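Numbering (the working numbering), first residue to last: 369 to 771. No residue lacks a Cβ here, since even glycine has one placed at the ideal position from N, Cα and C. Quick caveat, the model's predicted, so the values are computed rather than measured. To start, the structure itself, in structure tokens.
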């Protein structure tokens with residue numbers, strides 16, 4: 369590796385390959401950011417073998433540290449690794465566009481899902497997320513917690529999140545896991561068999577950080593020039609300040625769009641409910657809000673501006689960090705810390721499997737039975753995740769009609 373890149377190497381795929389792989393996930397990845405990480409692992413670690421479990425967990429741990437949408441940042445980095453910058457853009461567009469279009473249409477038509485069939489299908493989509501996350505936890509635990517030391521780190525991460533929920537607990541668990549890895553994993557440290565190759569130069573990283581800082585400082589100064597600049601400033605600031613992704617951005621967005629009267633409180637809550645029912649990243653809620661902004665820009669233009677402004681800071685920060693991360697992780701002490709942090713990521717996913725995934729999806733024994741059926745289909749029958757999602761939605765409808 370040169371001093372200017374993160375394990376530079378030829379792209380091993382094409383942007384078209386990345387586009388279609390992420391488009392499938394953009395259409396089927398229900399359940400929120402934690403479930404998305406499970407879908408990603410199933411698709412890119414288990415099925416396509418684009419990378420190894422330890423490299424994937426390392427990338428997840430890094431993105432958990434950074435502000436922005438963690439699952440989308442992981443997807444962006446995977447696309448970048450697989451097919452360069454066009455691959456990164458293909459991953460972002462394919463994973464984001466389906467839910468953004470759905471929420472844009474919802475905003476423009478005020479359509480709502482109702483009735484037993486719609487309600488049952490949505491419940492089935494929540495239940496299948498339980499199976500997806502459980503599969504991810506099981507597979508990652510086998511590879512990343514093979515001994516009692518790292519298994520103990522994972523359990524400690526669960527305990528920490530139990531007493532300190534939210535982004536603070538997750539980041540704290542990864543930090544403590546890394547420190548524990550320095551003590552417990554020294555004898556086991558060493559380079560992974562399959563490192564993730566991400567072609568970002570140091571100069572590109574510095575340029576990305578400069579762009580982030582310039583936008584963060586100067587967008588507020590441009591706020592008064594026009595409503596478009598005000599919208600860009602508000603959504604960029606929300607994306608830059610959110611740690612933990614997903615639901616954490618909601619109070620920030622509410623403060624930015626409801627308080628000044630751009631969107632009503634009722635509209636905001638209706639859109640939040642719709643965002644729970646669509647696949648893909650929760651950050652596409654910005655498309656719904658942008659379409660409704662008063663005064664404009666609104667409609668398609670407002671949705672596009674809000675969406676790009678919210679995602680941009682997280683991607684800029686990720687690009688800024690990646691080239692330096694590649695150099696740091698080659699050190700023996702950093703390698704030991706990464707092993708401990710990876711074990712903590714397993715604990716974080718295990719905690720999320722219980723809350724919010726299980727607690728919000730499983731209401732009774734019938735729901736639990738459907739979740740178990742989905743899990744067995746994935747793990748024992750090796751059914752593709754998209755098929756299990758469809759069957760789960762049908763199962764949810766059946767349970768609703770039988771109630």
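Asked                                                                                                                                                                               : Found
Does DSSP classify residue 437 as helix, strand or coil?                                                                                                                            : coil
Pick from 684, 703, 520: whose alpha carbon is nearest that of residue 582?                                                                                                         : 684
Could you tell me the boundaries of the alpha helix (DSSP H) in which residue 518 lies?                                                                                             : 516-531
From residue 764 to residue 485, what distance separates their C-alpha atoms?                                                                                                       : 8 Å
On the three-state DSSP scale, how would you describe residue 543?                                                                                                                  : helix
Using only alpha-carbon positions, find the residue among 499, 630, 698 that is nearest to residue 720.                                                                             : 499
Can you give me the C-alpha to C-alpha distance between residue 678 and residue 453, rounded to a whole angstrom?                                                                   : 20 Å
What are the boundary residues of the alpha helix (DSSP H) that residue 407 is part of?                                                                                             : 401-408
With a threshold of 8 Å, are at least 3 pairs of Cβ atoms found where one atom belongs to the region 743-761 and the other to the region 710-719?                                   : no
Looking only at its own chain, which residues have a Cβ that is under 7 Å from the Cβ of residue 512, when we skip the five neighbours before and after it?                         : 421, 422, 425, 518, 710, 711, 714
Taking the straight line between their C-alpha atoms, what separation do you get for residue 405 and residue 657?                                                                   : 25 Å
Compute the Euclidean distance between the alpha carbons of residue 675 and residue 647, then round it to the nearest angstrom.                                                     : 16 Å
Between which residues of its own chain and residue 549 is the CB-CB distance below 6 Å, once the five residues before and five after are set aside?                                : 704, 705, 707, 708
Do you know offhand how far residue 551's Cα is from residue 445's?                                                                                                                 : 30 Å
Give a yes or no on whether the C-beta atoms belonging to residue 691 and residue 570 are separated by under 8 Å.                                                                   : yes
Please report the residue range of the alpha helix (DSSP H) in which residue 588 lies.                                                                                              : 570-590
Here's the rule I'm using: 16 or more other beta-carbon atoms within 10 Å means buried, otherwise exposed. How should residue 767 be labelled?                                      : buried
Where does residue 593 fall in DSSP's three states?                                                                                                                                 : coil
Which residue wins for smallest C-alpha separation from residue 447, given the options 723, 730, 700, 687?                                                                          : 687
Give me, in chain order, the residues of the same chain whose beta-carbon lies closer than 8 Å to that of residue 532; leave out the 5 immediate sequence neighbours on both sides. : 540
Let me know the secondary structure DSSP gives residue 357 once reduced to three states.                                                                                            : Any question about residue 357 goes unanswered here, given that the chain covers just 369 to 771.
Please classify residue 733 as buried or exposed, where buried requires at least 16 other C-beta atoms within 10 Å of its C-beta.                                                   : exposed
So, helix, strand or coil for residue 466, using DSSP?                                                                                                                              : helix
Where does residue 726 land, buried or exposed, given buried means 16+ other C-beta within 10 angstroms?                                                                            : buried
Taking 8 Å as the threshold (C-beta atoms), are residue 442 and residue 408 in contact?                                                                                             : yes
Note down the Cα distance separating residue 632 from residue 626, rounded to an integer number of angstroms.                                                                       : 6 Å
By the three-class DSSP mapping on this structure, what secondary structure does residue 381 have?                                                                                  : coil
Please report the distance separating the alpha-carbon of residue 590 from that of residue 580.                                                                                     : 15 Å
Return the chain-ordered list of same chain residues with a C-beta closer than 7 Å to the C-beta of residue 489, the five sequence neighbours on each side being excluded.          : 761, 764, 765
Out of curiosity, what's the CA-to-CA distance linking residue 600 and residue 466?                                                                                                 : 22 Å
Under a three-way DSSP split, which group does residue 503 fall into?                                                                                                               : helix
Mapping DSSP to helix, strand and coil, what is residue 742?                                                                                                                        : helix
Got a sec? Which residues, its chain only, sit under 6 Å from residue 382 by beta carbon, not counting five neighbours each side?                                                   : 451
Whole angstroms is fine: what's the gap from residue 545's alpha carbon to residue 429's?                                                                                           : 11 Å
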